[in-house]
Each structure stands twice: as C-alpha cells, then as structure tokens.
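Position 59, counted from 1, in the sequence shown is what the UniProt record's numbering calls 59; the numbers after and before it change by one each time, with no gaps.
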Amino acid sequence: MNPHPYSPAFDIAGFGFVSGALSVDENGDAVAGRTEALEAAMSRLSERLATVDMKLEDVVKTTYFVTDVSLRDEANRHYETVFAEPRPARSFVQVAALPYGATVEIEAIAHKARENETAGTTHTAPRER
C-alpha cells in the first residue's frame with residue numbers, strides 16, 4: 001500500500017506520468033554525495049517507471065528539483081550517460097528543500113510508442129547560459 005495520497009506513477013493512453021523520485025536509498029534514507037544523489041534519484045525513477053511497465057528509454061521529459069543549482073554541470077554529464085540521443089527534454093529548478101533530506105528529485109513523463117509511431121524529433125534552440 002502506498003503511504004502517500006498520490007500514485008508514484010500513472011499511465012494513460014501510452015503516457016506514463018511519474019511523481020518525483022527522490023535521492024534516497026531503498027530504505028528511504030537520503031543519499032550523500034552529488035553524483036551518488038543523482039544516481040539514487042534515477043534509480044528510484046526507474047523503479048517508479050517499472051510500476052507502469054515503462055523504462056528510462058520511454059522518458060520524453062524530466063524535471064529536476066535540486067537544493068543546489070551548482071549541481072547542473074554534473075547533472076548534465078549524468079544525463080548524457082543515462083539517456084541516448086535524442087535525449088528527453090528537461091527542466092532544472094533549484095528549491096529550498098526536499099523531503100527526507102534529499103538533495104535531488106526527478107519527475108518524468110514517459111511515452112511508450114506504438115508499432116506504427118516513429119521516434120520523436122529534436123528541435124534545437126539557442127544554447128542555455
């Protein structure tokens with residue numbers, strides 16, 4: 001039984017909407033370390049995707065919530081190792097605090113393509129500063 005009043009993930013019409021996955025270990029304890037926190041949040045995200053029969057490869061959009069915006073460069077490098085081209089769209093937002101002492105939270109939207117659909121197209125915009 002889920003101890004929270006929301007679904008960790010919800011799927012409808014081929015889309016998966018994943019609630020924020022925190023940088024905690026399997027016991028719910030905050031993970032120390034910058035890279036370790038990114039990896040923990042991604043692991044929790046993978047677990048939540050699996051509840052709706054989806055994988056990281058199905059993710060089309062992520063939103064990162066972090067307690068330290070200087071984590072952005074490390075998050076970019078980590079993103080490149082986790083997601084193949086074309087990578088999902090992403091937002092990156094600094095917040096004052098996250099539950100359970102976590103430093104990273106990742107939410108996602110995923111889509112499981114049907115056989116007659118093609119892969120998404122990437123549109124490039126001017127580089128972010």
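Don't be surprised by glycine CBs; every beta carbon is placed ideally from N, CA and C. Remember, predicted model here, so these are calculated numbers, not experimental data.
A Cβ-Cβ contact shorter than 7 Å links A75 with L38. Between the segment 96-110 and the segment 13-20 there are three or more C-beta pairs closer than 8 Å, enough to call the two in contact. For the pair V104 and S23, the CB atoms are nearer than the 7 Å cut-off. Taking a C-beta distance under 7 Å as the contact criterion, S91 and T51 do not qualify as a contact pair. Residue environment analysis places A97 among the exposed positions, since fewer than 16 neighbouring C-beta atoms fall within 10 angstroms of its C-beta. Per DSSP, the beta bridge partners of Y64 are F92, I106.
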